[in-house]
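Read in order, the letters of the sequence shown correspond to residues 1 to 148 in our numbering. Every residue gets a Cβ at the ideal spot worked out from N, C-alpha and C, and that includes glycine. Take a look at the structure below.
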Amino acid sequence: MKKLSELNAQMVVVREFIDEFFDKTLFQEEANLGSELTASQIRTLFAFRDENKAYPIGELRKNARVKRSTITVMVDRLERDGLAERVRDKQDRRVVKVQLTANGKKIRSEFYQKRRKEMEAIFSKLPEKENRALLDYLHKAYQILRKI
C-alpha cells in the first residue's frame, strides 16, 4: 500500500505540473489568440498530427485521447466553425475522413507559433542546467505514466 500511496503523491505532482504548465501556455494563449476557440477545439486541431492529411475519425480520437462520442462532437464543432471538413476517401467512398480547411490550418499554425513563443519565454527564464533537468524529469514522468 505504501508504494501505491507514493505513486498517488507522484501523480498529484505530475498533474499539478501539467495543470500549471497548461495554465501558463495553452489557456493563456487561447485568450491571446483573438479567437473564440475552446481548449477542446484546440486539442482537436492538434489531433491532426499532419495538417495536410485527412484522418479517419478513429485515428483523430486516438491522437486526441478522447472517447469516440467526444471526438465526434469536437469534429462537429470544428466543421461548424469552418475549421475542418468531412471528406470521402478517394479509394473507398464508404470511408469518411476529416481534414483541416485552409482556415483550420491557419488557426492551428497561428496558435502553434504563439504557444511556441510562450514556451520559449518560459524556458528562457531557467538556467540551462535547470532546463535540462526539467526536461529530463518530464521525460521520466512521461515514461512512468505510459507504463500505468
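query                                                                                       : result
Beta-carbon proximity of Gln152 to Arg77, cut-off 8 Å                                       : Coverage of the chain is limited to positions 1 through 148, which leaves residue 152 absent and any answer about it impossible.
Sheet register partners of Pro127 (DSSP bridge)                                             : BP columns for Pro127 are empty, so no partner.
Unbroken alpha helix (DSSP H) run spanning Arg61, endpoints                                 : Ile57 to Ala64
Inter-residue spacing [alpha-carbon to alpha-carbon] between Ala64 and Asp89                : 21 Å
Beta-carbon proximity check, Arg108 vs Glu51, cutoff 8 Å                                    : yes
Strand pairing of Glu85, partner residues [DSSP]                                            : Gln99
Boundaries (first-last residue) of the alpha helix (DSSP H) holding Ala39                   : Ala39 to Leu45
Nearest-angstrom Cα separation, counted from Ala39 out to Ala84                             : 16 Å
Exposed unless 16 or more other CB atoms sit within 10 angstroms - verdict on Arg61         : buried
Among Val95, Arg115, Val96 and Ala47, the one whose alpha carbon lies nearest that of Met74 : Ala47
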